Amino acid sequence: MISKFTAIQGESFDYWKIVGLFGALFVLGLLAFGYIEIQGHHVTGMNQKVVWGLPHVFAISLLVMASGALNLASMATVFGAEPYKQFRRFSAFLAIALLVGGLLVLIADLGRPDRGLLTMIHMNFRSMFTWNVFLYSGFVVLCFLYLWSMMEHEKYVKITGSAAFPGRVILTTGTGSIFGVIHAREVFHSAITGPTFIAVSLSSGTAICFLLLASTFKATGREFHPKLISGMRNMLIFFTLAVFYLIVVEKFTKSYSPAFYDVEKWVLTGQWAWLFWGGIVLAGIVAPLAILTHKTWGNSLNGVMLASGLAIIGEVSFIAHVLLAGQTYPFNPFPGYVVSSSFQDGAFGHYVPSLSEFMLGMGGVGVAGLIYLLGIKFFRLLPKKAEAPEHWAPWNP
Amino acid sequence: MTMDRRTALGVGGAVAAGTLLAPGIHLIAAPQRTEAKAGRRWAMLIDVTKCTEECTGCSDACAKENNIPQIEDKDRQIQYIRKLKIEDKAGKKPPISLPVLCNHCEHPPCEHVCPTSATFIRKDGLVLVDKHRCIGCRYCMIACPYKARSLVYQENETPVAELNGETPIRAAGVVEKCSFCVHLIDKGELPACVQSCNQSHGGAMMFGDLNDPNSEIAKKVAEVKSLTLRADLGLKPHVHYQGL
Ligand code: SF4
Ligand code: SF4
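So the sequences go chain by chain: H and U.
Residue numbering for the first sequence follows our numbering, starting at 29 and increasing by one per position.
Residue numbering for the second sequence follows our numbering, starting at 22 and increasing by one per position.
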C-alpha cells in the first residue's frame, strides 16, 4: 500500500514558477504586515464599526476550508470509503497547510501582534477565542498524529483518524460560534451559525481538495480515474445541498420573528445583499448545483473543477457576508426609536478594504500554497496513480 | 530528494503539541487584579429631562480628563461617552438627547469574550481594560451591545504639555473605553463627566455606590422610576436612566 505513494519530482521550471508565485504572495503579505504594524490600523479600511475586515475574511475562510480539507481522509478512515484511502495523506497535510496560513493572517491582523503570546499566558476560559486557540493547535496535533500513523504505523490509523474527525467538527463549530454566541448582533446570533459553518467547510474543503488533486495530477502527468471525479462530484453536490438547507432554515426561522424583520430585510436587500445573492446563492449554490448535476458538465473534469472554484467563491462570500453584514448593521440601544449621534449610532457602517489588507490576506494564501507545494515535493503524499475500485459505481446524473 | 520524513513529522508534531500544551503551563500564573474594595457597586443615574441636545459638557470633560485625541476622521475617532438623540418613529414625542457610555455591566459580554482577560471586572464592579494586556483582537467590540468601545487606530499626537498626567495615553492597536474615571474614584472624587455636568451644566448626573443604602444614588434609584438600556439582554448595566 505505502509503496504506492510518491513525492512529485518538483524539478521542472513550471513547478518553481508556482513556488515563486506563492513565495511572492508570502513576501507581499509580510510587507503589508509590516506596513500596518508600523503605521497602525488606520491605514486599513477598518473603522470603529467594522473592526474585522478583509484579513479576517481570508483567515476564517482558510480555517474553515482547512477543516473541510480533512474530509477525504475522514471519508476513508471513519466512513470506510475505500476509493478515498489513497488521498488520506494529501488530505491531512492540506488541512495543516491551510490552517497554518489562516492562523498566520489572524495573528498578523491583531492590533498588537507582538503580544500574541499573551493568549497563551493569560487565558480566559469563558472566551470562545481562547477555546479556538486550543481547537486550532489541537487540530494540528491530531492531523500530525494521523499523518504519522499513515506513514509509519498503519495500525494506529483507525484511532488517530477517528480522533481527528470529531476534532474538525468541534473546530468548525468553534469558529462558527465566535459569531453565533454574540447576543448583541442580530445578524450573527443563531444556534445554527455553527452547523452552517460546518456545511460550508465540507463543501469548500472538498472543492479545494478536488481542485488541487486534479491540477496536480494533470501537471505531473499522473492518471486520475474518471470514477473519482464522479465520486467527489457527488460529495460536492451533497454538501452544497446541506449549505442550502441550513441557510433556508435560518431565513425561515428568522422570518417568523417580527424582531428580525428589519435586519432580515436589510440582509436580503441592503448594502451587502450582492454578497448574499451573488456570492452565496448564485456562485456558491445555484451555479455549482447546475453544473454538477448536468449530464455532460457534471462528468467532465473541467466542469467539476469550475464548480469547485465556484464553491470556494461561495464559501468566501459566506464568511464575508457574515462578517460585514453582521458588523455594518447598526446597533440600536433603543429598539423602536430612531437614534443618531456623532458616533454614528443608528447609521449603517461602511467598509472599503485597503490594498494592504488584501495583501495581508493573500500572504496567508501564499503560506498555505508554499506548504502544499513543498509538501508534495518532499513527502510521499500522493498516489502514483489515482485508482478506483472496480465494483464501485458512483451515482451519475 | 526526499527529506527524512520521520524527523520532519517529529519536529512538526512537537511544535504543534507545544502550542497546545503551553497554555496549560501558565494557567495558575495569571495575576489577580483585586485592588478595589469589595462590596461596592459603582453606578450612575442620569436624569434625561435635564439634558439638552446642545449640551456636550460631559463628553468634553471626558475627552480632556482621559486624554482622548480629537481626530478628524469620524470613522475612527474615539468616544467614551457620547450624546445620543432618540426620536420615536411616529414623531409624536419630542426628541430626547442623552449621554451613553460604558454601562459597567454586571455580566459584561466584553469580559466574557476577551481571550487574555485584558478586560476584567474589579471587585467594585468596574469593568476595566488593561492596556498592557490587550492584544487588539477587537472581539470585545463585536460583543458589546452599547458600542461603548473604541479601537485606538493611531498614536496620540497631543503635545505632552496638554496631556493629563493622571491618565495614561493609549498606544495604537488596543481597545479602550470609559473607566468611570477610576483614577478619580479611587481618590474619592467623582468622574469628570459627573463633575462637569453638575458644576456648570444641567446637573443631570448622579454617581455613587449602589450597595450603600445611605448613598444618594441608592436612595434615588429606590425612589424614582428608572430603567437601563437593553434590559432584555440580561447584562445588568449600571447606568440607570430616569425620565425616559
Ligand atoms: S457596556 Fe459594553 S464595554 Fe461596558 S461593560 Fe457592558 S459590554 Fe462591556
Ligand atoms: S481587544 Fe483587547 S480588551 Fe478587547 S477582547 Fe481583545 S484583548 Fe480583550
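Virtual Cβ for every residue (Gly too), placed ideally from N, Cα, C.
Model, not experiment: these values are computed from the prediction.
### Task
Pull up the CB-CB distance for residue 197/U and residue 152/U, whole angstroms please, since I reckon it's below 8 Å.
As a working mapping, residue 197/U is identified with position 176 in the second sequence. As a working mapping, residue 152/U is identified with position 131 in the second sequence. Contact holds; Cβ gap of about 7 Å.
### Message
Quick check on DSSP: helix, strand or coil for residue 56/H?
### Response
Within the first sequence, numbered from 1, the residue matching residue 56/H stands at position 28. The answer is helix: DSSP assigns residue 56/H an H, G or I state.
### Task
Report yes or no: do three or more beta-carbon pairs, one from the stretch 238-253 of chain U and one from the stretch 132-149 of chain U, lie closer than 8 Å?
no
### Message
If I measure Cβ to Cβ from residue 48/U and keep anything under 8 Å in the same chain, skipping five residues before and after, which residues do I get?
### Response
The residue labelled residue 48/U in the question sits at position 27 within the second sequence. Unreliable positioning characterises residue 48/U in this predicted model, as indicated by a pLDDT of 36, which lies under 50. The coordinate reading is nonetheless provided below. Excluding positions up to five away in sequence, the list is empty.
### Message
Is any non-hydrogen atom of ligand 1 found closer than 8 Å to the C-beta of residue 79/H, if you look at the structure I gave you?
### Response
Position 51 of the first sequence holds residue 79/H. It does not: the Cβ of residue 79/H is nowhere closer than 8 Å to a heavy atom of ligand 1.
### Message
Is residue 156/U a contact residue of ligand 2, with contact defined as CB to any heavy atom under 8 Å?
### Response
Within the second sequence, numbered from 1, the residue matching residue 156/U stands at position 135. Under cutoff, so the answer is yes.
### Message
For residue 50/U and residue 223/U, I'd like the C-alpha separation in whole angstroms.
### Response
Taking the first residue of the second sequence as 1, we reach residue 50/U at position 29. Taking the first residue of the second sequence as 1, we reach residue 223/U at position 202. Reliability fails at residue 50/U, whose pLDDT of 34 lies under 50, so the model's placement of it is uncertain and the value that follows must be treated cautiously. Roughly 48 Å between the two C-alpha positions.
### Task
Give a single yes or no on whether residue 124/U has its beta carbon closer than 8 Å to a heavy atom of ligand 4.
Annotation note on ligand 4: not contained in the displayed structure, which lists ligand 1 and ligand 2 as its ligands.
### Query
Roughly how many whole angstroms lie between the Cα atoms of residue 128/H and residue 294/H?
Here residue 128/H corresponds to residue number 100 of the first sequence, with the count starting at 1. Here residue 294/H corresponds to residue number 266 of the first sequence, with the count starting at 1. Roughly 35 Å between the two C-alpha positions.
### Query
At a cut-off of 8 Å, is residue 143/U close to ligand 1 when judged by its beta-carbon and the heavy atoms of the ligand?
Within the second sequence, residue 143/U is the residue found at index 122, counting from 1. Incorrect: residue 143/U has no Cβ contact closer than 8 Å to ligand 1.
### Query
If you follow the alpha helix (DSSP H) that residue 305/H is part of, which residue opens it and which one closes it?
Taking the first residue of the first sequence as position 1, residue 305/H is located at position 277. Run containing residue 305/H: none; DSSP gives neither H nor E here.
### Task
Counting only the same chain and skipping the five closest in sequence on each side, list residues whose C-beta sits under 8 Å from that of residue 250/U.
Taking the second sequence and counting its residues from 1, the one referred to as residue 250/U is at position 229. Within the same chain, residue 250/U has close Cβ partners 121, 124, 167, 258, 260, 262.
### Query
Just to confirm, are residue 172/H and residue 412/H a CB contact at a threshold of 9 Å?
What you label residue 172/H is simply residue 144 of the first sequence in a count that begins at 1. What you label residue 412/H is simply residue 384 of the first sequence in a count that begins at 1. It is not a contact, given that the beta carbons lie outside the stated cut-off.
### Query
If you follow the beta strand (DSSP E) that residue 149/U is part of, which residue opens it and which one closes it?
Here the question's residue 149/U lines up with position 128 in the second sequence. From DSSP, the beta strand (DSSP E) with residue 149/U extends over 148-150.
### Query
Counting contacts by CB-CB distance shorter than 9 Å, is residue 141/H in contact with chain U?
Here residue 141/H is taken as the residue at index 113 of the first sequence, counted from 1. Yes, because at least one Cβ of chain U sits closer than 9 Å to the Cβ of residue 141/H.
### Message
Below 8 Å on the Cβ atoms is my contact criterion, and I expect residue 398/H with residue 51/H to pass it. Report the Cβ-Cβ distance as a whole number of Å.
### Response
Numbered from 1 along the first sequence, position 370 holds the residue referred to as residue 398/H. Numbered from 1 along the first sequence, position 23 holds the residue referred to as residue 51/H. At roughly 6 Å, the Cβ-Cβ gap stays under 8 Å, so residue 398/H and residue 51/H are in contact.
### Query
Taking a cut of 7 Å between CB atoms, which residues from the stretch 70-93 of chain H lie near chain U?
70, 75, 76, 79, 80
### Query
At what residues does the alpha helix (DSSP H) containing residue 74/H begin and finish?
For the purposes of this step, residue 74/H is taken as the residue at position 46 of the first sequence. From DSSP, residue 74/H is part of no alpha helix (DSSP H); its letter is neither H nor E.
### Query
Quick one: what's got a C-beta closer than 6 Å to residue 117/U's C-beta in the same chain, skipping five residues either side?
Position 96 of the second sequence, counting from 1, holds the residue named residue 117/U. Excluding residues within five positions, the ones whose Cβ falls inside 6 Å are 69, 107.
### Message
Let me check one thing: in DSSP terms, what residues is residue 262/U bridge-paired to?
### Response
Your numbering for residue 262/U matches position 241 in the second sequence. Answer is 67/U, 248/U, bridged to residue 262/U.
### Task
Check whether the Cβ atoms of residue 92/H and residue 193/H sit closer than 9 Å, and answer yes or no.
Residue mapping note: residue 92/H aligns to position 64 of the first sequence, counting from 1. Residue mapping note: residue 193/H aligns to position 165 of the first sequence, counting from 1. No, Cβ-Cβ distance for residue 92/H and residue 193/H is not below 9 Å.
### Query
Should residue 115/H be flagged as near chain U, meaning a C-beta pair shorter than 9 Å?
For the purposes of this step, residue 115/H is taken as the residue at position 87 of the first sequence. For residue 115/H, the answer is no, since every Cβ of chain U falls outside 9 Å of its Cβ.
### Query
What three-state label does DSSP hand residue 45/H in the structure shown?
Position 17 of the first sequence, counted from the first residue, corresponds to residue 45/H. It is helical.
### Message
So, with DSSP's three-state summary, where would you put residue 411/H?
### Response
On the first sequence, residue 411/H is found 383 positions in, with the first residue counted as 1. Three-state DSSP puts residue 411/H in a strand.
#### Entry: Any non-hydrogen atom of ligand 2 closer than 8 Å to residue 136/U Cβ
Looking up residue 136/U in the second sequence gives position 115. Indeed, a heavy atom of ligand 2 lies less than 8 Å from the Cβ.
### Boundaries (first-last residue) of the alpha helix (DSSP H) holding residue 203/U
Mapped onto the second sequence, residue 203/U falls at position 182. Its alpha helix (DSSP H) spans residues 203-206.
### Task
Taking residue 78/U as the reference, give the member of 252/U, 244/U, 94/U, 220/U with the closest Cα.
For the purposes of this step, residue 78/U is identified with residue 57 of the second sequence, where counting begins at 1. Among 252/U, 244/U, 94/U, 220/U, the Cα nearest to that of residue 78/U belongs to 220/U.
### Task
Using DSSP bridges, identify the partner residues of residue 196/U.
Counted from its first residue, the second sequence places residue 196/U at position 175. Bridge partners of residue 196/U: 172/U.
### Message
Do residue 357/H and residue 209/H count as a contact pair if the criterion is CB distance below 9 Å?
### Response
Position 181 of the first sequence, counted from the first residue, corresponds to residue 209/H. Position 329 of the first sequence, counted from the first residue, corresponds to residue 357/H. No, they are not a contact pair.
### Message
On the DSSP bridge list, what partners appear for residue 367/H?
### Response
Here residue 367/H refers to the residue found at position 339 of the first sequence. In DSSP, residue 367/H forms a bridge with 107/U.
### Query
residue 148/U: beta carbon under 8 Å from a heavy atom of ligand 1?
In the second sequence, the residue the question calls residue 148/U occupies position 127. Residue 148/U: yes, Cβ under 8 Å from ligand 1.
### Query
Using a beta-carbon distance below 9 Å, is residue 68/H in contact with chain U?
Taking the first sequence and counting its residues from 1, one reaches residue 68/H at position 40. Taking Cβ atoms only, chain U reaches closer than 9 Å to residue 68/H, which makes this a yes.
### Query
Using a Cβ-Cβ distance under 9 Å, would residue 133/U count as near chain H?
Numbered from 1 along the second sequence, position 112 holds the residue referred to as residue 133/U. Output row for residue 133/U: interface = yes.
### Query
At a Cβ threshold of 9 Å, is residue 156/U touching chain H?
The residue you call residue 156/U lines up with position 135 of the second sequence. Closer than 9 Å: yes.
### Message
For ligand 2, I want to know if residue 161/U counts as a neighbour, meaning its beta carbon is within less than 8 Å of at least one of the ligand's heavy atoms.
### Response
Taking the second sequence and counting its residues from 1, one reaches residue 161/U at position 140. True, at least one ligand heavy atom lies under 8 Å from that Cβ.
### 7 Å Cβ shell around residue 222/H - same chain, five flanking residues per side excluded
Taking the first sequence and counting its residues from 1, one reaches residue 222/H at position 194. Excluding sequence neighbours, residue 222/H sits near 201, 204, 205, 208.
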